[in-house]
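Worksheet: the structure to be examined is printed underneath.
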Amino acid sequence: MLKKRFLLPIFLLSFSWQPAAAENTTLAGKTAYDLGTVEVVAPAWHHPETITGKPADELYFETLAATGRTTLSDALDGQMGLILRSSGGAGAVAGMSAGGLSGNKILVVKDGLPVNDPFTGTPDIGDFSTLQFETAEFWQGNRATLWGSSSIGGTLRLTSRFPDSGRVRLWTDGSGGYGRAFEASILPGETKIGIRLSQFNTPGVSAAARENGNGERDAFALDNAYLAMETRLDEDWQLQMSSEFNHSRTDLDGFDFMTGLPVDSLTFRQKKIGNQFNTGLIKSFADGELRLTHAFAHTSFTGTDEGNPFNEFGLEASQQRQAVSRSLLRDRQNWLVEVSRTEIRAENAGFFSVRETDAAALLACESKVGSATTLNAVFRHDKPQKHADVDTGNLSLQHKLGSLEFGAAWGRSFRMPALNERFYPAYGDPALGAEFSSSVAFSLAGRVADFGRLSLSATQYRVSDLIGTTATTDPAYTWGIKAANLDRAKILSHQISLSEVKFAGFNLRGDFTLLDRARLENTGKQIPGIASRRVTTTLERQYARTTWSCRGQWWGPVWENAENTRSAAASHDVSLFVKHNFKECSVEAGLLNLTDTTRQRVLGYTRPGRRLTLAFETLF
222 MLKKRFLLPI
232 FLLSFSWQPA
242 AAENTTLAGK
252 TAYDLGTVEV
262 VAPAWHHPET
272 ITGKPADELY
282 FETLAATGRT
292 TLSDALDGQM
302 GLILRSSGGA
312 GAVAGMSAGG
322 LSGNKILVVK
332 DGLPVNDPFT
342 GTPDIGDFST
352 LQFETAEFWQ
362 GNRATLWGSS
372 SIGGTLRLTS
382 RFPDSGRVRL
392 WTDGSGGYGR
402 AFEASILPGE
412 TKIGIRLSQF
422 NTPGVSAAAR
432 ENGNGERDAF
442 ALDNAYLAME
452 TRLDEDWQLQ
462 MSSEFNHSRT
472 DLDGFDFMTG
482 LPVDSLTFRQ
492 KKIGNQFNTG
502 LIKSFADGEL
512 RLTHAFAHTS
522 FTGTDEGNPF
532 NEFGLEASQQ
542 RQAVSRSLLR
552 DRQNWLVEVS
562 RTEIRAENAG
572 FFSVRETDAA
582 ALLACESKVG
592 SATTLNAVFR
602 HDKPQKHADV
612 DTGNLSLQHK
622 LGSLEFGAAW
632 GRSFRMPALN
642 ERFYPAYGDP
652 ALGAEFSSSV
662 AFSLAGRVAD
672 FGRLSLSATQ
682 YRVSDLIGTT
692 ATTDPAYTWG
702 IKAANLDRAK
712 ILSHQISLSE
722 VKFAGFNLRG
732 DFTLLDRARL
742 ENTGKQIPGI
752 ASRRVTTTLE
762 RQYARTTWSC
772 RGQWWGPVWE
782 NAENTRSAAA
792 SHDVSLFVKH
802 NFKECSVEAG
812 LLNLTDTTRQ
822 RVLGYTRPGR
832 RLTLAFETLF
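Whatever position you read off the sequence shown (first residue = 1), add 221 for our numbering.
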């Protein structure tokens with residue numbers, strides 16, 4: 222049974238801080254003292270990129286925020302090769318895909334801990350705000366061995382942003398919603414302490430499509446509190462700690478199994494409460510670092526239906542991870558050794574309760590060969606408590622040819638079956654095996670005269686032991702179906718990317734993705750949930766203190782089922798964004814879904830129409 226949880230009021234703490242002036246100077250009759258230099262280091266839960274290889278792509282807070290979008294899922298859509306198909310407005314579940322793989326085959330890691338739903342295995346970042354994160358990095362599947370299970374299609378790594386010294390932000394989402402955020406930090410000596418509080422509420426839009434007779438708006442609310450500290454204990458030791466609280470409430474619509482389409486539900490709501498605590502201790506050496514990290518997270522889901530008490534659920538999950546890593550930095554070779562232990566506890570009230578552990582060892586090496594070639598190798602060994610041991614790894618090469626850079630990579634990754642696939646009554650199979658994938662990628666990138674930077678890449682995935690649903694006569698499975706390792710898939714992904722293109726004061730970047738042979742080998746059908754064609758472009762212009770940007774996307778039709786009998790039509794999205802910086806504040810405006818297209822990215826669900834977003838922000 223779920224334990225009842227009570228929320229304590231969060232009181233706004235105000236900090237008064239004056240930037241340091243030169244020592245022995247006087248300001249307004251008061252003496253100001255030089256506090257010295259405070260060194261701020263990267264979070265302890267980061268892996269050194271110089272050893273493991275750089276991610277395929279990355280975005281910083283400035284880029285994430287300059288979209289006019291409130292939620293992280295909306296801001297990331299179309300970025301870094303990621304496609305997010307939201308089933309509604311703000312707060313709705315957003316299915317994620319990259320390189321022809323989707324759902325539970327993409328891992329999302331937040332400050333060292335996976336945020337994939339342990340019951341379904343799918344990532345859900347619909348209730349994360351763009352204000353929360355400093356960076357978002359995407360590691361392709363063939364280079365995502367670092368984080369273990371569920372990284373077949375790649376790993377999205379999110380890093381929380383340390384609060385600014387003083388920031389107040391007010392905004393509206395264009396659908397009648399509004400948000401507010403406050404953050405501050407202080408610098409007592411060699412310690413940095415920061416706090417961020419934010420709140421967002423919106424009446425939303427109808428998740429179920431209006432053209433099917435649905436019109437009830439589905440509201441969403443999000444409360445977030447974040448506290449972080451960084452300090453230097455002595456010349457060699459650093460300590461970092463953070464604690465975060467996330468509380469969201471989402472109105473959900475129902476589902477008609479006869480038509481296969483969602484329908485309005487006036488009484489069904491989901492509440493999600495998440496807490497995460499991180500601590501890291503770093504010892505600096507002349508030849509590298511020793512890192513000791515601990516992360517803990519707890520999440521509870523509660524679904525209630527005022528009109529039907531039988532249509533309710535309660536889920537709880539907690540996980541913790543301890544890791545010890547040592548990096549060795551040399552002139553020609555750099556090494557990283559890490560040992561970790563992960564524990565997960567989960568309860569689906571009334572159905573099952575699980576406690577499992579996974580011990581892992583990681584060895585990574587970066588080697589410089591001559592002046593133009595870099596080799597990266599990663600090996601990982603996992604020892605799950607209730608499964609056979611798993612060995613994965615990746616090899617990559619980067620070679621410079623004048624202004625061009627050639628890359629090649631191979632990787633092997635896996636996904637352990639989700640809890641529902643193993644333990645859900647009348648469906649799961651406790652003996653279910655893992656999914657495995659091997660991938661090969663080639664790339665060529667470089668500047669084309671003075672035009673810009675052009676990148677070409679091709680990646681092939683071979684996935685075996687895909688988990689699906691099969692018919693059974695076993696009387697234990699009362700629905701006549703069960704989870705099983707059924708299929709194989711072969712996916713060939715091509716991508717062309719442009720960046721750093723400058724003309725007439727404008728900056729242009731974009732990419733085109735083509736999926737070829739994204740098929741299930743046993744049936745010959747296209748893999749559902751994935752658009753075989755996608756184009757993304759962004760046009761920017763900086764004029765004095767004003768930034769203008771136009772962002773557009775087009776994606777092809779998407780099959781919604783494994784039989785390829787139902788599909789969502791091809792569609793597009795165009796948005797405009799402008800930001801003007803004054804001396805101590807800024808004003809932003811975004812016009813989203815400029816063409817007011819009604820075509821859904823997920824069959825049967827609504828896309829929010831044309832809307833104007835506004836934001837005001839001041840720094841102090």
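Beta carbons are placed, not taken as given, at the ideal position from N, Cα and C, and that holds for glycine.
- By the C-beta criterion, the region 657-673 is judged not to be in contact with the region 399-406, since fewer than 3 inter-stretch pairs fall below 8 Å.
- By a beta-carbon distance limit of 8 Å, S539 does not contact R562. Their separation comes to about 15 Å.
- For L813, the secondary structure class from DSSP, reduced to helix, strand or coil, is strand.
- Straight across, the Cα-Cα distance linking N743 with N641 is about 24 Å.
- Inclusion of L367 and T273 in the CB contact set at 7 Å is warranted, their separation being smaller than that value.
- Here L511 has K504, R547 as same chain residues with Cβ atoms under 6 Å from its own Cβ, once five neighbours each way along the sequence are excluded.
- As the crow flies, the alpha-carbon of P829 is around 45 Å from that of A585.
- Two segments are said to touch when three or more pairs of C-beta atoms, one from each, lie closer than 8 Å; by this definition the region 299-316 touches the region 345-362.
- Per DSSP, reduced to three states, the secondary structure at K326 is helical.
- Ranked by Cα distance from Q554, the options T595, A581, T514 are led by T595.
- The criterion of a C-beta distance shorter than 7 Å is not satisfied by A430 and G750.
- For L285, the enclosing alpha helix (DSSP H) starts and ends at 282-286.
- In the structure shown, D345 adopts coil according to DSSP, grouped into three states.
- A contact is defined here as three or more CB-CB pairs under 8 Å, and the region 796-814 fails this definition with respect to the region 777-786.
- Per DSSP, the beta-bridge partners of M450 are I414, M462.
- With a beta-carbon spacing of about 17 Å, T376 and E355 fall beyond the 8 Å limit used to define contacts.
- Taking C-beta atoms under 8 Å as the contact rule, L687 and L707 qualify, at a distance of about 6 Å.
- Short of 7 Å from the beta carbon of Q300, and not among the five residues preceding or following it, lie these beta carbons of its own chain, in chain order: L280.
- In the three-state scheme derived from DSSP, where H, G and I count as helix and E and B as strand, S294 is classed as helix.
- E537 places its beta carbon 7 Å or farther from that of T525.
- By the C-beta density criterion, N569 is buried, having at least 16 other C-beta atoms within 10 angstroms.
- Here DSSP, grouped into helix, strand and coil, assigns L352 to helix.
- The C-alpha of L297 lies about 19 Å from the C-alpha of I373.
- In this structure, the beta-carbon distance from A705 to V684 does not fall below 7 Å.
- In terms of Cβ geometry, L719 and G701 do not form a close pair [threshold 7 Å].
- Here R364 carries a helix assignment [DSSP, helix/strand/coil].
- In this structure, F441 sits near G312, with a CB-CB distance shorter than 7 Å.
- A distance of 7 Å or more separates the beta carbons of G333 and A449.
- In the DSSP assignment, N802 falls within the beta strand (DSSP E) that extends over 792-802.
- Here L640 carries a helix assignment [DSSP, helix/strand/coil].
- Judged by DSSP secondary structure, E510 falls within the beta strand (DSSP E) whose first and last residues are 509-526.
- If you draw a straight line from the Cα of G369 to the Cα of V336, it is about 13 Å long.
- Shown here for H519: same chain residues with a beta carbon closer than 6 Å to its own, the five before and five after excluded, namely N496, S539 in chain order.
- With a 10 Å radius around the Cβ and a threshold of 16 neighbouring Cβ atoms, P276 comes out buried.
- In the assembly as shown, S592 is an exposed residue. Its beta-carbon has fewer than 16 other beta-carbons within 10 Å.
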